[in-house]
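Only one structure is covered here, and it is reproduced in the block below.
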Amino acid sequence: REQEARAEEERLRKWDESLLLHYSTVADIEDAKRRGLGELQIRMSILKSNRYSLKQEVENYQAQAADTERAGKSVDVERLRTIERLQQDIAVTELDIKQREKEIRALETAYQADIERFKMLQDVVELRQTMSNKGAKTP
């Protein structure tokens with residue numbers, strides 16, 4: 576337990592050091608959060624656009640296959656394979672979208688924790704300054 580406590584103290588010390596090294600204000604952290612989330616949102620938009628395009632492509636191939644069948648002909652194997660491949664691509668894209676959603680939630684949680692910890696550090700610094708000023712004023 577003592578080793579776990581020391582490890583936790585070290586983790587917090589490194590976290591505090593990192594926060595104080597990278598940020599001057601809570602607004603700095605919020606800006607970093609906006610940038611990070613913005614990048615993930617762009618990737619998410621690209622994935623959703625790709626998914627839409629793939630679905631459109633599947634619909635087009637399926638419509639062509641239906642037209643072929645209505646004309647009394649059999650649909651060529653290559654067209655069927657293409658539809659299957661596109662559907663697999665859609666499934667992979669769906670998984671990628673879910674992964675990006677997880678990343679967004681994790682990033683939001685991490686930045687929120689950073690903000691809370693930074694505020695706590697600011698409070699500690701302010702308290703120390705107040706106490707130091709009071710101590711310096713007493714003769």
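In my numbering, the protein residues as written are 576 to 714. For each residue, glycine too, the CB sits at the ideal point set by N, CA and C. For clarity, every value in this text was computed on a predicted model and none was experimentally measured.
Status (buried if at least 16 other CB within 10 Å, exposed otherwise) for I621: Exposed, because fewer than 16 other Cβ atoms sit within 10 Å of the Cβ of I621.
Nearest-angstrom Cβ-Cβ length linking T643 and V650, presumed shorter than 8 Å: Their Cβ separation, rounded to whole angstroms, is 5 Å, which keeps T643 and V650 in contact under 8 Å.
Straight-line gap, T705 to H597 (C-alpha atoms, nearest Å): Using only the alpha carbons, I get a separation of about 25 Å.
Three-state secondary structure assigned by DSSP to Y598: Three-state result, Y598: coil.
Complete runs of the alpha helix (DSSP H) confined to the segment 596-655 [at least 4 residues]: With a minimum length of 4 residues, the continuous alpha helix (DSSP H) runs that stay inside the segment 596-655 are 601-645.
Whole-angstrom distance between E676 and L682, CA atom to CA atom: Roughly 10 Å between the two C-alpha positions.
Sub-9 Å separation of A580 and Y686 beta-carbons: No, they are not a contact pair.
DSSP state of R586 mapped onto helix, strand, coil: Reduced to three states, the DSSP call for R586 is helix.
Pick from L629, T600 and D603 that is closest to E659, judged by C-alpha positions: Out of L629, T600 and D603, L629 has the C-alpha closest to the C-alpha of E659.
CB of V601 within 9 Å of CB of F693, strictly: For V601 and F693, yes; Cβs fall inside 9 Å.
CB of Y636 within 9 Å of CB of T657, strictly: Yes. Within cutoff.
Cβ separation of L696 and D591, assumed to be a contact under 8 Å, to the nearest whole Å: Correct: roughly 6 Å between the Cβ atoms.
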